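Residue numbers (the numbering used here): 3 to 391. Using N, Cα and C, we set each Cβ at its ideal position, and we do this for glycine too. Small disclaimer: the values here were computed from a predicted structure and weren't measured.
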Ligand SMILES: Cc1cc2nc3c(=O)[nH]c(=O)nc-3n(C[C@H](O)[C@H](O)[C@H](O)COP(=O)(O)O)c2cc1C
């Protein structure tokens, strides 16, 4: 692993903090680059009241001087504006676990007598810190022409029609939509579904697609399980709260077709080796193949529902219903930027691993070589070999 990061901070604590180690020196980075991504996590439809309170801004505390990374760990801090409303306040014990949240499992694991500590850390407020780390990684990727974008494919069973629309257009259209969906008709219906769920005290889940364009061949490796790019992406995606499934490329559709139709045929094209499709999601054998890397994530309906769920009050042992605390209705649109961030972190890590180098200046010529690794890079002698003589 070339890049590593940790986050700390509670939902209503003073601040969220993240430290990212491994960024090369010489990358242009400032707080406005991070602010743009943080704003996207806050503004999409389906959010709850908290987003009206927070105006996220990440302060860069270390690792950047005169607008450029130094190669030292990057430290960022996002102040929780809501903290002022909670500081010194006597908060009643929270003893009724919400099915689907970390409440019960964490209370058993850590022996809490109040669910608050796990609720505070399991809250997806933490994903703001990941978005800040992701923004720095996106800056690195975009320096090499790699663009990570995403959009909502489905919410509450309503699926967008996207056939014939390329990734670039899907991403651009999604930015115009309050629910981050590139299909305007589906977007309209999704908005109505979210409002109906809000009125009923319900929540909704959905499917998000992420595409990384301009990824060079050769990121990740087949040689060990933990170096596979697909496996690393899957872990990062499932590491985001409420993500319960991940699909690389057309994985699930491919289960219904025969082998010769499932794969992306190779032919000698004008620009070297070309492919008939990209059902594999730009990754074969755990290695990027030069095509767009794309995946889908399934997000469950979030567990804090205005309409309570059947539960037990752990203080009395009696049957009860889960309580509501200010919450989103459908954070699927807001989760797009979170998934873009975690995908960008994995790709930046794999890129640094592939190129080596401590500075952008060292990485740049190596990247140019990697981009040329198409047909010429794969040409073989065709002579027989005797392995294991
Ligand atoms: C961007 C985003 C916002 C979320 N907002 C909420 C929320 O307001 N209320 C809630 O109950 N869960 C919310 N979640 C999901 C919970 O954090 C998650 O379900 C919980 O931590 C339990 O983890 P698990 O679902 O992965 O098992 C959100 C998730 C994301 C990615």
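At least one heavy atom of ligand 1 lies less than 6 Å from the C-beta of residue 306. Apart from sequence neighbours up to five positions away, the residues of its chain that approach residue 355 with a beta-carbon distance below 6 Å are 4, ordered along the chain. Three or more beta-carbon pairs drawn from the region 9-24 and the region 109-125 are found closer than 8 Å, and the two stretches are therefore classed as touching. Looking from the CA of residue 339, the closest CA among 387, 239, 146 belongs to 239. Counting along the chain, the unbroken alpha helix (DSSP H) around residue 371 starts and ends at 362-373. Residue 83 sits exposed, since fewer than 16 C-beta atoms from the chains shown fall within 10 Å of its C-beta. Nearest Cα to residue 267 within the set 250, 291, 249: 291.
In the three-state scheme derived from DSSP, where H, G and I count as helix and E and B as strand, residue 112 is classed as helix.
Spanning the alpha carbons of residue 324 and residue 262 requires a straight line of approximately 51 Å. Here the region 90-100 makes contact with the region 303-314; the two share three or more CB pairs at distances below 8 Å. Pairing residue 152 with residue 196 gives a Cβ-Cβ distance that is not under 7 Å.
Only buried fits residue 232, as 16 or more other CB atoms lie within 10 angstroms of its CB.
Between residue 34 and residue 131, the gap from beta carbon to beta carbon reaches 7 Å or more. Non-local beta-carbon contacts of residue 189 in its own chain, meaning distances under 6 Å to residues more than five positions away in sequence, involve 179, 181, 183 in chain order.
When the alpha-carbon of residue 280 is set against those of 253, 378, 104, 59, the nearest one is in 253. Within the same chain, 132, 133, 136 come within 6 Å of residue 343 by CB-CB distance, once the 5 residues on both sides are set aside.
Looking at the backbone, the Cα of residue 208 and that of residue 161 are separated by about 9 Å. Of the residues assessed, residue 287 falls on the exposed side of the cut-off, its CB having fewer than 16 other CB atoms within 10 angstroms.
The region 58-71 and the region 26-41 touch, with no fewer than 3 CB-CB distances between them shorter than 8 Å. Judged by their CB atoms, residue 157 and residue 192 are nearer to each other than the 7 Å cut-off. Residue 79 sits in a strand when the DSSP states are folded into three classes.
Of the heavy atoms belonging to ligand 1, at least one sits nearer than 6 Å to the Cβ of residue 333. In this chain, the alpha helix (DSSP H) harbouring residue 356 covers 334-357.
Between residue 382 and residue 334, the beta carbon gap of about 46 Å keeps them out of contact (Cβ cut-off 8 Å).
Under the DSSP definition of a beta bridge, residue 62 partners with 78. Within the model, the alpha-carbon separation for residue 258 versus residue 295 is close to 22 Å. Distances from the CB of residue 336 to the heavy atoms of ligand 1 include at least one below 6 Å. In the assembly as shown, residue 194 is an exposed residue. Its beta-carbon has fewer than 16 other beta-carbons within 10 Å. Taking the CA atoms as reference points, residue 312 sits about 22 Å from residue 113. Following the DSSP letters along the chain, one finds residue 210 inside the beta strand (DSSP E) bounded by residues 208-215.
Boundaries of the beta strand (DSSP E) harbouring residue 314: 312-315, taken from the DSSP string. Residue range 320-323 is occupied by the beta strand (DSSP E) that includes residue 322.
Contact between residue 147 and residue 352 does not hold, since the beta-carbon distance rounds to 15 Å and is not under 8 Å. Of the candidates 204, 391, 96, the residue whose Cα lies closest to the Cα of residue 314 is 96. As a beta-bridge residue in DSSP terms, residue 10 pairs with 19. Around the CB of residue 7, 16 or more other CB atoms lie within 10 Å, so the residue is classed as buried.
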